[in-house]
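Which chain is which? The protein sequence lines are A and B, in order. Residues in the first sequence are numbered consecutively from 1, following UniProt numbering. Residues in the second sequence are numbered consecutively from 1, following UniProt numbering. Written out below as structure tokens is the structure these notes cover.
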Amino acid sequence: MCSCYYSSVWLHVNTGECNLASKHVPLQYLITLHWFETLFLCVFQRMPAPIRLRELIRTIRTARTQAEEREMIQKECAAIRSSFREEDNTYRCRNVAKLLYMHMLGYPAHFGQLECLKLIASQKFTDKRIGYLGAMLLLDERQDVHLLMTNCIKNDLNHSTQYVQGLALCTLGCMGSSEMCRDLAGEVEKLLKTSNSYLRKKAALCAVHVIRKVPELMEMFLPATKNLLSEKNHGVLHTSVVLLTEMCERSPDMLLHFRKLVPQLVRILKNLIMSGYSPEHDVSGISDPFLQVRILRLLRILGRSDDDSSEAMNDILAQVATNTETSKNVGNAILYETVLTIMDIKSESGLRVLAINILGRFLLNNDKNIRYVALTSLLKTVQTDHNAVQRHRSTIVDCLKDLDVSIKRRAMELSFALVNGNNIRGMMKELLYFLDSCDPEFKADCASGVFLAAEKYAPSKRWHIDTIMRVLTTAGSYVRDDSVPNLIQLITNSVEMHAYTVQRLYKALLDDISQQPLVQVSSWCIGEYGDLLVSGQCEEEEPIQVTEDEVLDVLEGLLVSNLSTPVTRGYSLTAIMKLSTRFSSVNRIKKVVSIYSSSIDVELQQRAVEYNALFKKYDHMRPALLERMPIMEKTASNGPTEIMQTNGETEPSVPDTKHLPLVTQPANQANDLLDLLGGNDVVPVIQTTLPTKPASAGGELLDLLGDLSLSGGLAPAPSVPVSQPPFLLDGLSSQPLFNDTSAAIPPMTAYSKNGLKIEFTFERANPNPNIAVITIHATNTTEADMTEFVFQAAVPKTFQLQLLSPSSNIVPALNQGSVTQVIRVLNPQKQQLRMRVKLTYTHKGSPVQDLAEVNNFPPQSWQ
Amino acid sequence: MQFMLLFSRQGKLRLQKWYVPLSDKERKKISRDLVQTILARKPKMCSFLEWRDLKIVYKRYASLYFCCAVEDQDNELITLEIIHRYVELLDKYFGSVCELDIIFNFEKAYFILDEFLLGGEAQETSKKNVLKAIEQADLLQEVRLLTDP
């Protein structure tokens, strides 16, 4: 602009005319003006030509610090920006190229986006080349700016120069958005039918991209695919096979349509193998391995679940499998693809065995890439061809010792998949050795795998316990948290091994208290079976001599140790408490418990307080509460094979060990009641479902309480929420227990004998009419108090019953007071209410127990 | 193929080709993290790894790492061959290619790559044809103006 103005002024001055103003201006004035302009232009003349790309690169590389580099970049960016502002066509290409370099170094370059578009529109090939490159690097389809390219690309797709068309196809096929693809699909389709193989091959891959972006457009490319495979040009063949693969993968109809191509594909593949040396496509003696691999992949898709196609390709697959040179990676790449195809189609068994043997040979290859690929494939086939893969078990196990992490992981997954009842001992030895020496990232998965395999295939209980011990002691800190309850259950159910187990765990604790899962399981066991420990009952090995005090020392040590987590402390406190019914040193335990009732740790404090209360107020219940755990019924377990259905994913999915088993087998008292109630048609009151985090401190407490399938008054009610069946919670949370809006249901005397009278009063819980709230009032007409009074009840199967805490457990003499307790009964089927009650108390020093049936419920209480 | 990265042993990017739409920020993060992961691997380890949810194939040639992210169904071994073919093309074009060639002529490295792969797949399996196309295109750069379409 400046120069134009300059020259026009000069011109006008020369001719004496003037355009500067409408009036005539004297000549001298104009000459002075001209002089000023020259000065102006000399000082602020156009910038020197921007430096060349290579020059810039060289300069930037001399920077010694990041700051220096940043300074250079900023300076150059400023220059480039002003150059862009000047709309300079000559150097735009150079500037954008420099910008792309700086972008690669990590600096922002978005101000060059529009410039790329201008370059694309230029008629210089250099400009277009850089422009398209810039578009691919700087633009992304999330920005609307990229749509401005569409028209240029359309024009260039129809350009007379094939290299320009190529640029357009390449850019569209690399980064075209769905809108662009929709607009330009027609052009691509046209080019797919051209006889120019240079363009045809690019159009095919561009079509692949279009289909990926806009799958509905797939149909329009169908006619053009008609004779794609008759091309001689390998580039076109290769890209055509890719296009056909894409279409077949996306559409079952296309798949059906293209199945007829199988013979043609087989022929092409055969030619590639049988043909002599072709310098143009040869790679280490193999003719066009890229094309071979793609054809094999397409055959896989076409042959899958189709007998005829599979049969048609049987021979060629066998041929490739046996004739391919395996000394170099390229041959193995083809073999690998062949194996994948054989395993996926409906091949005959001989071929499958051939494939697995190839994989077996791969496992012995020096090249670790080959080994890796073999393990991955074997992992995929281990379910379907289990026996064939078993034959390679020893090689697979050897891979556990490989140095490469990925190979080790795969070998581990595969090993677990191959474990069965026959090889469990040998495999476990290897896997435990692996567990000892492997990286921490593997330990958790390996430990879980070992536990599962052991559970499924353990040849003996002793072996099982030993294996668990080995895992806990060697990888104890990596064991998953949810393994702990699983193990506890396992140990509980191995009744004859209790003494052995507790002894081994105790010894392990003496060695090391840092591994929390080990410590938790051990403390639990000691709490449960401490009596067996001190009485030296172990049969499996030499029983150790240990005193009660020594055991308590160890447990108390856990409480004070810095290494113990709060959860572990909870376990050990509970264990100590449990020993109060198994050991004789009750006083020592009482002392410990009372110390911790002022612990800072809230969880510990609560437990201690509750246990204290157990000693003081509810001592009569302590034996029942703390007695031996029953056999727990296990929820569905997932065997190791089910883990492996992840098909080679990195993480074997740990099966759902979160569900704690329901305590289905009732404790002794309940048994009595059941027997008397005549077997099957009655069940004791609701089992409290154990919550899903048993490892938590609360869970520990509930383990104890859950044991009691009869909710005989549990006081104090634990603040840890016991997950009640929801229907009963309806009333519980919002409604006051004693419902004012009670329909007047007459009270009844449920029991009256030996001076003990129990009266029932009724309310119907308002929100849920199926719930009846019964309050029992127990009174005592005798002259002596009835102490340690416990009321228990059972109802028929169609009912559910919940017993809340009693007001006290002493029924004072001579009607001086009463014990009240609330029962809630759910009666969804509105059946006649019947109840069995069991009463226990101590009267005048002797224990009394009685059972009775209550049948005289007023109809209003259950209708 | 989802993307290809070339980087030096110091972790400097020399080429990045993306075949999936990702923002600049995402690309930077992926590059940075992946480069770190690969540089941390020992020399004897295998060329394949699972990273996030991608299959990564990489190989070192002199001072440059060539790294590709491929799809689940892609054949890793043939991907190694693709990488090797690209290196051969660069070698033929530059004559005994070294990292400096790629640094100073990065745009040419891209042009060659774009003649060999398109949308992440190989478009030409003949070395000769790729090099011939590049040669012709380079000649075209000398021409002043292209004829209008």
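Note that CB positions come from ideal geometry on N, CA and C, so glycine has one too.
For this session: Note the first and the last residue of the continuous alpha helix (DSSP H) segment covering residue 524 of chain A.
Result: As a working mapping, residue 524 of chain A is identified with position 524 in the first sequence. It spans 516 to 534 - the alpha helix (DSSP H) in which residue 524 of chain A sits, taken as one unbroken run.
Exercise. Could one say the Cβ of residue 523 of chain A lies closer than 8 Å to chain B's Cβ atoms, at least one of them?
Worked result: Mapped onto the first sequence, residue 523 of chain A falls at position 523. So no, residue 523 of chain A is outside the interface.
For this session: In angstroms with no decimal places, state the Cα-to-Cα distance between residue 516 of chain A and residue 396 of chain A.
Result: The residue given as residue 516 of chain A occupies position 516 in the first sequence. The residue given as residue 396 of chain A occupies position 396 in the first sequence. The alpha-carbon atoms of residue 516 of chain A and residue 396 of chain A are separated by roughly 32 Å.
Problem set entry | For residue 66 of chain B: DSSP bridge partner residues | Within the second sequence, residue 66 of chain B is the residue found at index 66, counting from 1. Answer is B:6 and B:59, bridged to residue 66 of chain B.
For this session: Measure the beta-carbon distance from residue 372 of chain A to residue 419 of chain A and round it to whole angstroms, keeping in mind my assumption that it falls under 8 Å.
Result: In the first sequence, residue 372 of chain A corresponds to position 372, counting from 1. In the first sequence, residue 419 of chain A corresponds to position 419, counting from 1. Incorrect: roughly 22 Å between the Cβ atoms, too far for contact.
Problem set entry | Status (buried if at least 16 other CB within 10 Å, exposed otherwise) for residue 274 of chain A | On the first sequence, position 274 is the one that residue 274 of chain A refers to. The residue in question, residue 274 of chain A, is exposed, as its Cβ has fewer than 16 Cβ neighbours within 10 Å.
Exercise. Hey, is residue 406 of chain A's beta-carbon within less than 8 Å of any beta-carbon in chain B?
Worked result: Counting from one through the first sequence, the residue named residue 406 of chain A turns up at place 406. True, the Cβ-Cβ gap to chain B drops below 8 Å.
Exercise. Any residues in the region 290 to 321 of chain A with a beta carbon nearer than 7 Å to a beta carbon of chain B? Which ones, in chain order?
Worked result: 290, 291 and 293
Exercise. Would you say residue 125 of chain A faces chain B, with C-beta separation under 8 Å as the test?
Worked result: On the first sequence, residue 125 of chain A is found 125 positions in, with the first residue counted as 1. So, interface residue.
Exercise. How is the beta strand (DSSP E) around residue 761 of chain A delimited, first residue to last?
Worked result: Here the question's residue 761 of chain A lines up with position 761 in the first sequence. Residue 761 of chain A -> beta strand (DSSP E) spans 756 to 764.
Problem set entry | Local Cβ density within 10 Å of residue 221 of chain A, reported as buried at 16 or more and exposed below that | Your numbering for residue 221 of chain A matches position 221 in the first sequence. Buried, since its Cβ has 16 or more Cβ neighbours within 10 Å.
For this session: Just tell me which of A:807, A:524, A:512 and A:826 has its CA closest to the CA of residue 562 of chain A.
Result: For this step, residue 562 of chain A is matched to residue 562 along the first sequence. Closest option to residue 562 of chain A, Cα to Cα, is A:512.
For this session: Could you list which residues in chain E have their beta carbon closer than 8 Å to that of residue 183 of chain A, in chain order?
Result: Annotation note: the requested chain E is absent from the structure, which comprises protein chains A and B.
Exercise. Residue 228 of chain A CB to nearest chain B CB: under 8 Å?
Worked result: As a position in the first sequence, residue 228 of chain A is number 228, starting the count at 1. Not an interface residue.
Exercise. Would you say residue 119 of chain B reaches chain A, if we count a Cβ-Cβ gap shorter than 8 Å as a contact?
Worked result: If you number the second sequence from 1, residue 119 of chain B lands on position 119. Yes - at least one Cβ of chain A is within 8 Å of the one on residue 119 of chain B.
Exercise. Residues of chain B with CB under 8 Å from residue 208 of chain A, in chain order?
Worked result: The residue you call residue 208 of chain A lines up with position 208 of the first sequence. Ordered by position in chain B, the residues that pass the 8 Å Cβ test against residue 208 of chain A are 119 and 121.
Exercise. Does the beta carbon of residue 107 of chain B sit closer than 8 Å to a beta carbon anywhere in chain A?
Worked result: In the second sequence, residue 107 of chain B corresponds to position 107, counting from 1. Yes, because at least one Cβ of chain A sits closer than 8 Å to the Cβ of residue 107 of chain B.
Exercise. Taking just the CA atoms, how far does residue 260 of chain A sit from residue 190 of chain A?
Worked result: For the purposes of this step, residue 190 of chain A is identified with residue 190 of the first sequence, where counting begins at 1. For the purposes of this step, residue 260 of chain A is identified with residue 260 of the first sequence, where counting begins at 1. Cα to Cα, the separation comes out at about 24 Å.
Problem set entry | residue 384 of chain A burial status per 10 Å Cβ neighbour count (16 or more: buried) | Taking the first sequence and counting its residues from 1, the one referred to as residue 384 of chain A is at position 384. The residue is exposed, with fewer than 16 neighbouring Cβ atoms inside 10 Å.
Exercise. DSSP beta-bridge partners for residue 820 of chain A?
Worked result: Along the first sequence, one-based indexing puts residue 820 of chain A at 820. Paired residues: A:777.
Exercise. So what's residue 481 of chain A in DSSP terms, helix, strand or just coil?
Worked result: By one-based count along the first sequence, residue 481 of chain A stands at place 481. Of the three classes helix, strand and coil, the one that applies to residue 481 of chain A here is coil, per DSSP.
Exercise. At a cut of 8 Å, does the region 315 to 322 of chain A reach the region 65 to 77 of chain B through at least three beta carbon pairs?
Worked result: no
Problem set entry | Coarse secondary structure for residue 623 of chain A, derived from DSSP in three states | Counting from one through the first sequence, the residue named residue 623 of chain A turns up at place 623. Looking at residue 623 of chain A - three-state DSSP - the assignment turns out to be helix.
Exercise. Residue 286 of chain A bridges to which residues according to DSSP?
Worked result: Looking up residue 286 of chain A in the first sequence gives position 286. Paired residue(s): A:283.
For this session: Taking 8 Å as the threshold, find out whether the region 278 to 298 of chain A comes into contact with the region 39 to 50 of chain B through three or more Cβ pairs.
Result: no
For this session: Going by CA-CA distance only, name the one from A:367, A:607, A:835 and A:137 that's closest to residue 107 of chain B.
Result: Translated into the one-based positions of the second sequence, residue 107 of chain B becomes position 107. Of the listed residues, the one whose Cα sits closest to residue 107 of chain B is A:137.
Exercise. Looking at the structure shown, is residue 586 of chain A part of a helix, part of a strand, or coil, going by DSSP?
Worked result: On the first sequence, residue 586 of chain A is found 586 positions in, with the first residue counted as 1. Three-state result, residue 586 of chain A: helix.
For this session: Per DSSP, which residues does residue 850 of chain A bridge with? Please list them.
Result: Sequence index remark: in the first sequence, residue 850 of chain A carries index 850 (1-based). In the DSSP output, where bridge partners are listed per residue, residue 850 of chain A has A:839.
Exercise. Of all Cβ atoms in chain A, is any one closer than 8 Å to the Cβ of residue 23 of chain B?
Worked result: For the purposes of this step, residue 23 of chain B is identified with residue 23 of the second sequence, where counting begins at 1. With 8 Å as the cut-off, residue 23 of chain B counts as an interface residue toward chain A.
Problem set entry | Those residues which DSSP pairs with residue 751 of chain A across a bridge | Taking the first residue of the first sequence as 1, we reach residue 751 of chain A at position 751. DSSP lists A:758 as partners of residue 751 of chain A.
Exercise. How long is the line joining the alpha carbons of residue 7 of chain B and residue 391 of chain A, rounded to whole angstroms?
Worked result: For the purposes of this step, residue 7 of chain B is taken as the residue at position 7 of the second sequence. For the purposes of this step, residue 391 of chain A is taken as the residue at position 391 of the first sequence. Rounded to the nearest angstrom, the two C-alpha atoms are 42 Å apart.
Problem set entry | Residue range of the alpha helix (DSSP H) that includes residue 113 of chain A | Working through the first sequence from its first residue, we reach residue 113 of chain A at position 113. Residue 113 of chain A -> alpha helix (DSSP H) spans 113 to 121.
For this session: May I ask you to list, following chain order, the residues of the region 89 to 105 of chain B that have a beta carbon less than 9 Å from some beta carbon of chain A?
Result: 103, 104 and 105
Exercise. Does DSSP classify residue 325 of chain A as helix, strand or coil?
Worked result: In the first sequence, residue 325 of chain A corresponds to position 325, counting from 1. In the structure shown, residue 325 of chain A sits in coil (DSSP, three-state: anything other than H, G, I, E or B).
Problem set entry | Proximity test, Cβ basis, 8 Å: residue 46 of chain B and chain A | Along the second sequence, read from residue 1 onward, the residue named residue 46 of chain B stands at position 46. By this cut-off, residue 46 of chain B is an interface position.
Exercise. What do you reckon, are the CB atoms on residue 46 of chain B and residue 368 of chain A nearer than 8 Å?
Worked result: In the second sequence, the residue the question calls residue 46 of chain B occupies position 46. In the first sequence, the residue the question calls residue 368 of chain A occupies position 368. In this structure, residue 368 of chain A lies closer than 8 Å to residue 46 of chain B by Cβ.
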